[in-house]
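Heads up, the final residue of the sequence shown is numbered 658 in our numbering, and it's a clean run with no missing numbers.
Just so you know, even glycine gets a beta-carbon here, dropped at the ideal spot from N, CA and C.
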Amino acid sequence: MTRSEVRSKLFTSFVKSTFNARVLIAFLLCVTLIISAFMVVIVKYHYKVALDKEQKLMYQQEDLRDQWTQILIEHSTLASPSHVEEVAKKNDMRLPSVKETKVIQSNA
551 MTRSEVRSKL FTSFVKSTFN ARVLIAFLLC VTLIISAFMV VIVKYHYKVA
601 LDKEQKLMYQ QEDLRDQWTQ ILIEHSTLAS PSHVEEVAKK NDMRLPSVKE
651 TKVIQSNA
């Protein structure tokens, strides 16, 4: 084999191996790109689900705050002295006399 034939074979094998390496690199880059695209879609989906859940919880918190305000208003209305007195009169209730009152003491 002459020098020129050896050079020719080395050059062709180098070109083939370089081409194979380039194809492999291009293939790996394409696979990486596809995986990245799927990951973007998955992350975006999870973000939207979390955002929807947060929004529902915020609406629920607002509803609970409204209910709590309503309960406080009802409590202050029902616990007012005039309301208690009105209910007592309606049910014929009265304060017990001193004779009807018994004091219980603990021996502890």
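For residue i, collect the residues of the same chain with a Cβ closer than 8 Å to its Cβ; drop the 5 residues on either side in sequence, then sort them by chain order.
i	result
Thr627	His633
Thr582	none
Just checking: is the beta-carbon of residue i within a distance shorter than 9 Å of some beta-carbon in chain B?
i	result
Phe561	The structure shown has no chain B; it contains just one protein chain.
The alpha helix (DSSP H) that contains residue i, what's its start and end?
i	result
Glu635	631–640
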